[in-house]
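Reading through the structure tokens given below for one structure.
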């Protein structure tokens, strides 16, 4: 088997200012993906914004708040879990608050996705 000698092009760039996510379950199965990405982008020290999008998959307008609440819990858990992997325990514990205070994390409804 021959190795391709062309240089691989990375889809990641350290100059990214906003990273948008849609279609992830944000469950523990996704944590390794997010840990790699967050480590690469160094989200604690760099001014990158994280935007998490969701759709109202329940379709009923009264269920919109339920879906938003589920998404908010999942994002919170993801960031707290990532924070627990940081070398500095104090930084890990305050990561979510830091992102919120600096307006670097948001959860948004993606309307009319279909």
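Numbering (this note's numbering), first residue to last: 1487 to 1600. In this text, a Cβ means the ideal position worked out from N, Cα and C, and glycines have one as well.
Bounding residues of the alpha helix (DSSP H) (the contiguous stretch that carries residue i)
i	result
residue 1579	1575 to 1587
residue 1497	Looking at the DSSP string, residue 1497 is not in any alpha helix (DSSP H), and its letter there is neither H nor E.
residue 1565	1550 to 1569
residue 1518	1517 to 1527
Cross-strand partners of residue i (DSSP beta bridge)
i	result
residue 1508	1539
Start-to-end residues for the beta strand (DSSP E) that takes in residue i
i	result
residue 1595	1591 to 1595
Classification of residue i by the beta-carbon crowding that lies within 10 angstroms, buried from 16 upward
i	result
residue 1526	exposed
residue 1449	The structure shown does not extend to residue 1449, since the chain is modelled only from 1487 to 1600, so the question has no answer here.
residue 1497	exposed
residue 1586	exposed
residue 1581	buried
residue 1544	exposed
residue 1540	buried
residue 1487	Residue confidence is low: residue 1487 scores 47 on pLDDT, short of 50, so the model does not pin down where it sits. Its coordinate-derived value is still stated next. Exposed is the call here.
Best match in the options for proximity to residue i [C-alpha to C-alpha]
i	options	result
residue 1510	1503, 1519, 1504	1519
residue 1522	1568, 1546, 1552	1568
residue 1560	1576, 1548, 1507	1507
residue 1504	1513, 1512, 1538, 1517	1538
residue 1514	1562, 1583, 1592	1562
residue 1589	1578, 1530, 1551, 1548	1530
residue 1597	1553, 1584, 1512, 1501	1553
residue 1500	1572, 1574, 1558, 1524	1524
residue 1555	1516, 1502, 1593	1593
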